[in-house]
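Peer 1: Provided herewith is a single structure, encoded as structure tokens, for subsequent inquiry.
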Amino acid sequence: MKRLIIVVVGALSTISVMAAAQSAPKRFGIGTPATPEQIAALDIDVRPDGTGLPAGSGTARDGAGVYTQKCAACHGANGEGGTADVLVGAEPKSSAPFGPEYERWRGTRPDVPFTIGNYWPYATTLFDYMRRAMPATAPGSLSADETYALVAWLLAKNEIIAESDMMNRETLPRVRMPARARFVPDNRRGGAEVK
Amino acid sequence: MKTKDRQPRGVTRRTALTTLSAAAALTLTPDLVSGQDAPPADTTNRWGRLPNTLGARSPAENPRRLPIPTSSRTPLQDLHGTITPSDLHYERHHGGVAVVDPATYRLTVHGMVDRPLIFTLQDLKRFPATTRTCFLECAGNYNGQREELTPQEICGLTSQSEWTGVMLSTVFNEVGARPRATWFLAEGQDAAVMTRSIPLKDAIGEAMLAYAQNGEALRPEQGYPVRLLLPGWEGNASVKWLRRIELADQPFMTREETSKYTDPLADGTARQFSLVIDARSVITSPSYPQTIQKGFVELRGIAWSGRGVIRRVEISTDGGRTWKPAALQQPVLPKALTCFRYAWQWDGRPTEIVSRAVDETGYVQPEMSAIQRVRGRRTRYHLNPVTGWTIGADGRVRFAVQRVRA
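Line order of the protein sequences matches chains A and B.
The first sequence begins at 0 in numbering that gives the first Met the number 0 and counts up one residue at a time.
The second sequence begins at 0 in numbering that gives the first Met the number 0 and counts up one residue at a time.
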């Protein structure tokens, strides 16, 4: 038994020596510094405060033609949806398209779809998403002006801005979306309660 | 002792040649090479295929994913154990499968860091590596409209792999992540240029940059050459074809975390960043379209939780009136598919078999009605209802639609 203990202790001390010998460096010196130009070439994201929005501008009137040409085939002539998502729908203006207020508003009418007007919490997301991923036939091909114009067209169709409102890096972050206040953080933490 | 057992262990050129000429003498060259011939009546009177460079499934086995334009589902009912063969791992992408050249691949990490850096694939492989087994599940993994549904159709957007890569914390240490950075953006280089904001503190303990899956490089549809891997979280957050990570002090509010992947709740609010997958289970055998025989039936299935280990799986063979524990296959790993089995004697009378998972937090997989009580009838994502199968007097197994109807 005593011999076994000695062997075990010996083995343990060997392991600890090995662990010390294997300790990783604080930094590995791996990777190449990224220059500001390299980062700028990739950094296309747009945040809710407008960070990342480029120069350029457009109104809903400018956007109508772009929409017809590049979006309508999948999203419908007026954003009513088709093979791709419904985009336009200002109702219900008094609530989200779900919940008790919505059920009272709806009564016996059919459900309304989830849209930019009743569900998207941030207008900047429209710019970010369309510039990176739309149109599906040529993702990433929209110019800044085209994107601003399409954002303006969609916001006007959803009755959030006026037809003549100019969208640019200053005005777009100031657009307040109807659904903004409805979003809450995740409150699930496990445990017995279903949330 | 047989003669061949006394041969020296090393195969000499001469013995190799002798073996090959012996094979040639069998004059079965085509199927020796391809191995694709139909099984002969007697497999012992001629040689089989010789060793080759790449294996293939038995022609008798034909598991397939079930594709639609935006996703494909794992054939859960055809699998055993917990590892999903890489070519059967579910797919969900938003701009098709990007084809990325590993030689020109670059990952740029910038934002609130001391040293913005660009990493090649080789760079990432030089860092200390780590391996872990965990599930991935799409946030929209529920389908339950009719009785004629297989496990693959109901919840086949769940799969499991053994992943290898570098811990994200190692890379964040290398770039000098600043203490004020609380979120990071993960961006892919697919046609969707997929982006998600990830809460740094919640993710950093287990997040990996994975470059390998089940012992080999990632499959293209799993993000080759590098993907983010967030064990236990909705699959969309584990961004594939990862090209850029930007550290920040706020979420970016991308489309996929605002208009999509959010949970409308019964009170009129919408839950955002509901990233952790709640516990779930499904009986994969017997299941539709099987027919069972009276007598012994082993109920088999998988259970999983994004919050840790599965504590137990309970089985009801009387439509949910009484519950008994299933046996769990060890080892039970956290945030991993866990096999459960239950020995059952079917008496031939119509009934319903149901499973429900309980995880280490005490969370019990709920009935659909309980989910809809708190989330309302228009909830769309993160559905994990208790799932059952009806057994007819004829032994036919069908999905128990009535359990999950609103």
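Just so it is clear, CB atoms sit at the ideal spot from N, CA and C, and this is done for glycine as well.
No experiment lies behind these values; they were computed from the predicted model shown.
1. Specify the secondary structure class of Phe118 (chain B) as computed by DSSP and reduced to three states.
2. Secondary structure at Cys338 (chain B), three-state DSSP: helix, strand or coil?
3. So Ile301 (chain B) is in the beta strand (DSSP E); what residue range does that whole segment cover?
4. First and last residue of the alpha helix (DSSP H) that includes Phe126 (chain A)?
5. Closest to Asp277 (chain B) by CA distance: which of B:Pro285, B:Gln364, B:Thr129 is it?
6. Pull up the CB-CB distance for Gly64 (chain A) and Ala151 (chain A), whole angstroms please, since I reckon it's below 8 Å.
7. Compare the Cα-Cα distances from Tyr101 (chain A) to each of A:Leu86, A:Asn117, A:Val87 and report the closest residue.
8. Can you give me the Cβ contacts of Thr169 (chain B) inside the same chain, cut-off strictly under 8 Å, excluding the 5 residues immediately before and after it?
9. At a CB-CB cut-off below 7 Å, which residues of chain B make contact with Lys69 (chain A)?
10. Looking only at its chain, what residues have a beta carbon closer than 6 Å to the beta carbon of Arg105 (chain B), apart from the 5 residues adjacent to it on each side?
11. Is DSSP giving Gly387 (chain B) helix, strand or coil here?
12. Between Leu41 (chain A) and chain B, is the shortest Cβ-Cβ distance under 8 Å, so that the two count as touching?
13. State the DSSP-derived secondary structure class of Gly110 (chain B), mapped to helix, strand or coil.
14. Between the Cα of Glu79 (chain A) and the Cα atoms of A:Asp144, A:Ala143, A:Ile115, which residue gives the shortest distance?
15. Gly64 (chain A) touches chain B at which residues, Cβ-Cβ below 7 Å?
16. For chain B, check one thing: does any of its Cβ atoms lie closer than 8 Å to the Cβ of Arg131 (chain A)?
17. For Met252 (chain B), decide whether its Cβ has a neighbour in chain A, counting only Cβ atoms nearer than 8 Å.
18. For the stretch 89 to 108 of chain A, which residues have a beta carbon sitting closer than 8 Å to at least one beta carbon of chain B?
19. Short of 8 Å Cβ to Cβ, which residues in the stretch 168 to 194 of chain A face chain B?
20. For a contact meaning CB atoms closer than 8 Å, what does Asp44 (chain A) contact in chain B?
21. Would you kindly work out how many angstroms separate the C-alpha atoms of Thr2 (chain B) and Gly47 (chain B), rounded to a whole number?
22. Please confirm if the stretch 174 to 189 of chain B is in contact with the stretch 242 to 251 of chain B, defined as three or more CB-CB distances below 8 Å between the two stretches.
23. Between B:Leu217, B:Pro38, B:Pro384, B:Val403, which has its C-alpha nearest Arg84 (chain B)'s C-alpha?
24. From Thr194 (chain B) to Gln371 (chain B), what does the alpha carbon distance come to, in whole angstroms?
25. For the alpha helix (DSSP H) containing Ile370 (chain B), list its first residue and its last residue.
26. Along the beta strand (DSSP E) that carries Gln151 (chain B), what are the first and last residues, could you check?
27. Which residue wins for smallest C-alpha separation from Val98 (chain B), given the options B:Glu220, B:Pro39, B:Thr321, B:Thr389?
28. For a minimum of 3 consecutive residues, which ranges assigned as the beta strand (DSSP E) are wholly contained in the stretch 235 to 292 of chain B?
29. Answer with buried or exposed for Gly54 (chain A), where buried requires no fewer than 16 other C-beta atoms within 10 angstroms of its C-beta.
30. Mapping the DSSP letters down to three states, classify Leu27 (chain B) as helix, strand or coil.
31. Can you list, in chain order, the residues of its chain whose CB lies under 6 Å from that of Phe251 (chain B), leaving out five sequence neighbours each side?
32. Mapping the DSSP letters down to three states, classify Val193 (chain A) as helix, strand or coil.
33. Could you tell me whether the Cβ of Asp144 (chain A) comes closer than 8 Å to any Cβ of chain B?
34. For Arg123 (chain A), return the contacting residues in chain B, with the cut-off set at a CB-CB distance below 8 Å.
35. What does the alpha-carbon distance come out to for the pair Ser22 (chain A) and Met166 (chain A)?
36. Starting from Tyr147 (chain A), find everything on chain B with Cβ-Cβ shorter than 8 Å and list it in chain order.
Peer 2: The relevant details are as follows:
1. The answer is strand: DSSP assigns Phe118 (chain B) an E or B state.
2. In this structure, Cys338 (chain B) counts as strand in the three-state DSSP scheme.
3. Here the beta strand (DSSP E) through Ile301 (chain B) covers 294 to 303.
4. For Phe126 (chain A), the uninterrupted alpha helix (DSSP H) run begins and ends at 123 to 132, by DSSP.
5. Nearest of B:Pro285, B:Gln364, B:Thr129 to Asp277 (chain B), Cα basis: B:Gln364.
6. With 8 Å as the limit, Gly64 (chain A) and Ala151 (chain A) do not qualify as a contact, their Cβ atoms being about 12 Å apart.
7. Out of A:Leu86, A:Asn117, A:Val87, A:Asn117 has the C-alpha closest to the C-alpha of Tyr101 (chain A).
8. Within the same chain, Thr169 (chain B) has close Cβ partners Phe126, Pro127.
9. What Lys69 (chain A) touches in chain B: nothing, since even the nearest Cβ is about 15 Å away.
10. So the list reads Ile117, once near-sequence residues are dropped.
11. Looking at Gly387 (chain B) - three-state DSSP - the assignment turns out to be strand.
12. Yes, its Cβ sits closer than 8 Å to a Cβ of chain B.
13. Here DSSP, grouped into helix, strand and coil, assigns Gly110 (chain B) to strand.
14. For the options A:Asp144, A:Ala143, A:Ile115, the alpha carbon positioned closest to that of Glu79 (chain A) is the one of A:Ile115.
15. Taking a Cβ-Cβ threshold of 7 Å, none of the residues of chain B is close to Gly64 (chain A); the smallest such distance is about 24 Å.
16. Arg131 (chain A) counts as touching chain B.
17. Yes - at least one Cβ of chain A is within 8 Å of the one on Met252 (chain B).
18. Result list: Ser94, Ala95, Pro96, Phe97, Gly98, Pro99, Glu100, Tyr101.
19. Within the stretch 168 to 194 of chain A, the residues whose Cβ lies closer than 8 Å to some Cβ of chain B are Ala178, Arg181, Phe182, Val183, Pro184, Asp185, Asn186, Arg187, Arg188, Gly189, Gly190, Ala191, Val193, Lys194, listed in chain order.
20. Ordered by position in chain B, the residues that pass the 8 Å Cβ test against Asp44 (chain A) are Leu184, Glu186, Thr194, Glu245, Phe251, Thr253.
21. Because Thr2 (chain B) carries a pLDDT of 39, less than 50, the predicted location of this residue cannot be relied on, and no value is offered for it.
22. Yes, since at least three Cβ pairs between the stretch 174 to 189 of chain B and the stretch 242 to 251 of chain B fall closer than 8 Å, the two stretches touch.
23. For the record, residue 84 (chain B) in the displayed sequence is Pro; it is not Arg. Measuring from the Cα of Pro84 (chain B), the nearest candidate turns out to be B:Leu217.
24. Cα to Cα, the separation comes out at about 29 Å.
25. Where Ile370 (chain B) is concerned, the enclosing alpha helix (DSSP H) stretches over 367 to 374.
26. For Gln151 (chain B), no beta strand (DSSP E) segment is defined; the enclosing uninterrupted segment is the alpha helix (DSSP H) at 150 to 154.
27. Nearest Cα to Val98 (chain B) within the set B:Glu220, B:Pro39, B:Thr321, B:Thr389: B:Glu220.
28. Scanning the stretch 235 to 292 of chain B from its first residue to its last, the whole beta strand (DSSP E) runs of 3-plus residues come out as 241 to 247, 269 to 271, 279 to 284.
29. The residue you asked about is not Gly; residue 54 (chain A) is Ala in the sequence shown. So Ala54 (chain A) ends up on the exposed side.
30. Low per-residue confidence applies at Leu27 (chain B): pLDDT is 49, beneath 50, and the placement is therefore not dependable, though the value from the model is reported in the following sentence. Note: Leu27 (chain B) maps to coil in three-state DSSP.
31. A distance below 6 Å between beta-carbons, with the five flanking residues on each side excluded, links Phe251 (chain B) to the following residues of its chain, in chain order: Leu184, Ser196.
32. Looking at Val193 (chain A) - three-state DSSP - the assignment turns out to be coil, as it is neither helix nor strand.
33. It does not: the Cβ of Asp144 (chain A) has no partner Cβ on chain B nearer than 8 Å.
34. First, the residue type needs correcting, since residue 123 (chain A) is Thr and not Arg in the sequence shown. Ordered by position in chain B, the residues that pass the 8 Å Cβ test against Thr123 (chain A) are Met252.
35. Computed Cα separation, rounded: 55 Å.
36. From the beta-carbon of Tyr147 (chain A), no residue of chain B is found nearer than 8 Å; the closest lies around 17 Å away.
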